[in-house]
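Read through the structure below, which is laid out as structure tokens, and then see the notes.
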Amino acid sequence: MIHIVRERRAGVYRALLAHALSRATHFSLVWREQLSFQHSADLVAASLKPFLTDESVTDEWPGTKLFGSSALVRRYTLSPSSLAFLQQPGRLFAWRAPSLPEDLAFYLPSGSCWLGSISHERDAWINEPTGALPALLHAVPGLSAREAS
Numbered sequence: 007m008i009h010i011v012r013e014r015r016a017g018v019y020r021a022l023l024a025h026a027l028s029r030a031t032h033f034s035l036v037w038r039e040q041l042s043f044q045h046s047a048d049l050v051a052a053s054l055k056p057f058l059t060d061e062s063v064t065d066e067w068p069g070t071k072l073f074g075s076s077a078l079v080r081r082y083t084l085s086p087s088s089l090a091f092l093q094q095p096g097r098l099f100a101w102r103a104p105s106l107p108e109d110l111a112f113y114l115p116s117g118s119c120w121l122g123s124i125s126h127e128r129d130a131w132i133n134e135p136t137g138a139l140p141a142l143l144h145a146v147p148g149l150s151a152r153e154a155s
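The sequence shown begins at 7 in this note's numbering and counts up one residue at a time.
Here's what the structure looks like:
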């Protein structure tokens, strides 16, 4: 596993998204029921509706397990068109309430999580085997990451 240590804005997020497009087939965003969202979060749902493949009310998603509450997790097809929309916030940890849904995650064709995030904690990771960090850093120049010990 690779942990994203620090988020740098200048182009790194776009490079990370481009790399995700080469690896993943789907992504998800989370609307936690105990939070109030602004109209901008509703616009996200409306804009991504053509790419929606599944939605479920659950108490867990990559990196998170809620106790006593739940969330709406929406899963979308990853494509160049949906990716263009994901670029708009400009950084990974911008996906947070109340203005946006939270916890952007990407999934491999197998359905397993490739990249997970907990936006409000500024925590993100990439599920890659040990030794994959140099290739990732080559694919995503400027990414501040380290292999989990």
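Ideal placement from N, C-alpha and C gives every residue a C-beta, glycine not left out.
This one's a predicted model, so the numbers in the text were calculated from it and none came from an experiment.
Check	Outcome
To the nearest whole angstrom, what separates the beta carbons of PRO86 and LEU27, a pair I think is in contact under 8 Å?	7 Å
Note the first and the last residue of the continuous beta strand (DSSP E) segment covering HIS9.	8-12
Classify VAL146: buried if its beta carbon has 16 or more other beta carbons within 10 angstroms, exposed otherwise.	buried
Return the chain-ordered list of same chain residues with a C-beta closer than 7 Å to the C-beta of SER9, the five sequence neighbours on each side being excluded.	It is His, not Ser, that sits at residue 9 in the sequence shown. Taken in chain order, the residues that qualify are TRP131, ALA151, ARG152 and ALA154.
Which value, in whole angstroms, describes the spacing of the CA atoms of SER34 and GLY117?	12 Å
Under 8 Å by Cβ, that's how I've got THR31 and TYR113 pegged, so tell me the actual separation to the nearest angstrom.	7 Å
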